[in-house]
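Down below is the structure, laid out as structure tokens.
Numbering (the numbering used here), first residue to last: 162 to 416.
Now the structure itself:
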């Protein structure tokens, strides 16, 4: 077991070093704080990739977390498999405990950043099935689990569709002139604006207050040349791209 802990620790050293180097940036973050609902639901959330939408799934992921705890415990029972199951068990719970523990002080937890936990959960399930008594019970539980996963993954993507900005950008690209600007109204929509804009040189971020660009959006692709502090004078138009997938046309009139 000590060897397993050491191996897991070595795997996480680069990640811990990265956190230490970037720690000064965490004063500005979009991460949500950890609460009791997350702790109760975290195993289920990680297993199915649930991130809070729709809200009424929280209760079900809490129940799934209890079921997974029981199943993971069953996987540890056969001694002949513990060489593998203990490592997978630690891959699940050590990162979650560390990240959630830190998040009580500084929010840091995001499902997608802990994908190895989900991989370990998936790999541990076959050991659980193998530990069940009788081939019939193993097949029944395998069928139920597989059916549940398939049904959830057919239903869940429709509940949090990605915002369709492509259609809106097609219209903007079609009607803008070479002198017009395509302006992201918020840093959150800046990367999409830069990606979908037909003329990359016309892309700007409206920032009249000169607020620093948020690091968590992707500051490596941003430079001061994109900043727009005031509206352009007519006849130059600024197509403002909004976070809800709409756009407005704005400009300043000389007096």
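Quick reminder that beta carbons are idealized off the backbone N, C-alpha and C, glycines included. Keep in mind it's a predicted model, so treat the numbers as computed, not measured.
If contacts are defined as beta-carbon pairs under 8 Å, then residue i and residue j qualify, I think. What distance do you get, rounded to the angstrom?
i           : j           : result
residue 282 : residue 329 : Actually they do not touch by this definition, with Cβ atoms about 38 Å apart.
residue 387 : residue 366 : 5 Å
residue 203 : residue 261 : 7 Å
residue 394 : residue 413 : 5 Å
So, at 6 Å on beta carbons, what are the nonlocal neighbours of residue i in its own chain, with the 5 sequence-adjacent residues on each side left out?
i           : result
residue 358 : 343, 364
residue 225 : 205
residue 349 : 404
residue 201 : 223
residue 334 : 359
residue 289 : 232, 235, 236
Along the chain, where does the beta strand (DSSP E) that runs through residue i open and close?
i           : result
residue 401 : 399-402
residue 364 : 364-367
residue 409 : 408-411
Given a cut-off of 8 Å, decide if residue j and residue i are closer than it, judged by their beta-carbon atoms.
i           : j           : result
residue 286 : residue 232 : yes
residue 347 : residue 407 : no
residue 302 : residue 311 : no
residue 252 : residue 169 : yes
residue 275 : residue 256 : yes
Report all residues from its chain with a CB closer than 7 Å to the CB of residue i; omit the five preceding and five following residues, and keep chain order.
i           : result
residue 369 : 390, 391
CB-CB under 8 Å to residue i, same chain, minus the five flanking residues each way: which ones, in chain order?
i           : result
residue 317 : 209, 210, 211
residue 195 : 261, 264, 265, 268, 270
Starting from residue i and walking both ways along the alpha helix (DSSP H), at which residues does that stretch end?
i           : result
residue 354 : 351-357
residue 377 : 376-379
residue 210 : First-last for residue 210: undefined, no H or E at that position.
- Message: Which runs of the beta strand (DSSP E) at least 3 residues long sit entirely within the region 263-293? Give them in chain order.
- Response: none
- Item | Ordered list of alpha helix (DSSP H) runs contained in the region 295-341, each at least 4 residues | 296-316, 327-336
- Within the region 218-269, note down every full alpha helix (DSSP H) run reaching 4 residues or more, in order along the chain. 219-236, 243-264
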